[in-house]
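Heads up, the thing below is written out as structure tokens.
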């Protein structure tokens, strides 16, 4: 388990910068994949090559049968899968830490300039506690790492089928190639290995599903936010338009009553009023 400690520590830092679904994905990765793979793989698999028994003593037949049936060890394949699937998340963590560091510098600069009655751009993505908000480039980065995790999961699921050609571990493997025709090799603990293969495959499907759900959740949430912002913008514009129209109507009434000495104000007022003729509430000034 010690070899997984560094990866686990890094992935644990991502939890505070992830959504609820992302935290569930982390739990699935830690408890049901890394922990079980590290704890149970040696007892169930062990040395697959040594435990395989064949009905021939011909030199090289056992090696050829094993290599034909298992181009790559299941355990090494799953370790490689976890590393690939974790890489986009680690890259996102690096982006988050870079943003937090940059905005902490910006925050200190803001405090210094405010002390000197100056002005500075405020931090955009993080608060004083280092909590980031998923928006802008951070949201894009988060969505990209979700997309790559989905692609890696699907690729490894398909790759497992093409590498081994079976989901359940067969009890006997028949090797028919020269120089070992009709050689039968028997695998140890096939039932336990079948359960393990199905479990890891189910975890891969669950992981990909969680990433898809999280991606759609973020897309829908962003769409709802944009729709709400657009609605509030329209309401604000409507209120602003009414206020300006009332002011211009007052101005129009005022200009009718002004003495000739105030004629220098009329060109400015006329240009303002003419810009709002399309509202259908202003009259032509004579």
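Numbering (my numbering), first residue to last: 456 to 741. Using N, Cα and C, we set each Cβ at its ideal position, and we do this for glycine too.
{"query": "Anyone know if the C-beta pair for residue 481 and residue 469 falls short of 8 Å?", "result": "yes"}
{"query": "For the beta strand (DSSP E) containing residue 640, list its first residue and its last residue.", "result": "638-641"}
{"query": "Going by beta-carbon coordinates alone, are residue 653 and residue 507 separated by less than 8 Å?", "result": "no"}
{"query": "In angstroms with no decimal places, state the Cα-to-Cα distance between residue 668 and residue 476.", "result": "8 Å"}
{"query": "Would you kindly work out how many angstroms separate the C-alpha atoms of residue 472 and residue 559, rounded to a whole number?", "result": "16 Å"}
{"query": "Given residue 484, which residues of its chain have a CB within under 8 Å of its CB, disregarding the five upstream and five downstream residues?", "result": "466, 537, 540, 541 and 662"}
{"query": "Given this structure, state the Cα-to-Cα distance separating residue 639 from residue 628, to the nearest angstrom.", "result": "6 Å"}
{"query": "Under DSSP, the beta strand (DSSP E) around residue 512 begins and ends at which residues?", "result": "No beta strand (DSSP E) holds residue 512; DSSP gives it neither H nor E."}
{"query": "Mind checking who residue 629 pairs with in its DSSP beta bridge?", "result": "639"}
{"query": "Taking all protein chains shown into account, decide if residue 554 is buried (16 or more other Cβ within 10 angstroms of its Cβ) or exposed.", "result": "buried"}
{"query": "So, at 8 Å on beta carbons, what are the nonlocal neighbours of residue 672 in its own chain, with the 5 sequence-adjacent residues on each side left out?", "result": "474 and 476"}
{"query": "Ordered along the chain, which non-local residues of its own chain (more than five positions away) have a Cβ less than 8 Å from that of residue 479?", "result": "665"}
{"query": "Only counting the same chain, and skipping five residues up and downstream in sequence, which positions put a Cβ closer than 6 Å to that of residue 674?", "result": "none"}
{"query": "For the alpha helix (DSSP H) that residue 589 lies in, which residues bound it at each end?", "result": "Element bounds for residue 589: n/a, residue is neither H nor E."}
{"query": "Go through its chain and collect everything with a Cβ distance to residue 530's Cβ below 6 Å, but skip five positions before and after it.", "result": "496 and 500"}
{"query": "Just mark residue 682 as buried or exposed, buried being the case when its beta carbon has 16 or more other beta carbons within 10 Å.", "result": "exposed"}
{"query": "Could you name the residues of the same chain whose beta carbon sits closer than 8 Å to that of residue 544, not counting the 5 residues immediately before and after it, in chain order?", "result": "466, 469, 600 and 604"}
{"query": "Buried or exposed for residue 686, going by 16 or more other Cβ atoms inside 10 Å?", "result": "exposed"}
{"query": "Only counting the same chain, and skipping five residues up and downstream in sequence, which positions put a Cβ closer than 8 Å to that of residue 504?", "result": "517, 518 and 521"}
{"query": "Looking at the secondary structure, which residues open and close the alpha helix (DSSP H) in which residue 504 lies?", "result": "503-506"}
{"query": "Check each candidate in 494, 633, 637 and 615 and name the one with the smallest Cα separation from residue 528.", "result": "615"}
{"query": "What's the call for residue 597, buried or exposed, on a 16-neighbour Cβ count within 10 Å?", "result": "buried"}
{"query": "Please classify residue 551: is it buried, with 16 or more other beta-carbons within 10 angstroms of its beta-carbon, or exposed?", "result": "buried"}
{"query": "Name the residue from 676, 660, 651 and 670 whose alpha carbon lies nearest to the alpha carbon of residue 493.", "result": "651"}
{"query": "Going by the CB atoms, is the gap between residue 524 and residue 608 shorter than 8 Å?", "result": "no"}
{"query": "Measuring only the C-alpha atoms, how far is residue 624 from residue 649?", "result": "5 Å"}
{"query": "Distance check for residue 611 and residue 512, CA to CA, integer angstroms please.", "result": "36 Å"}
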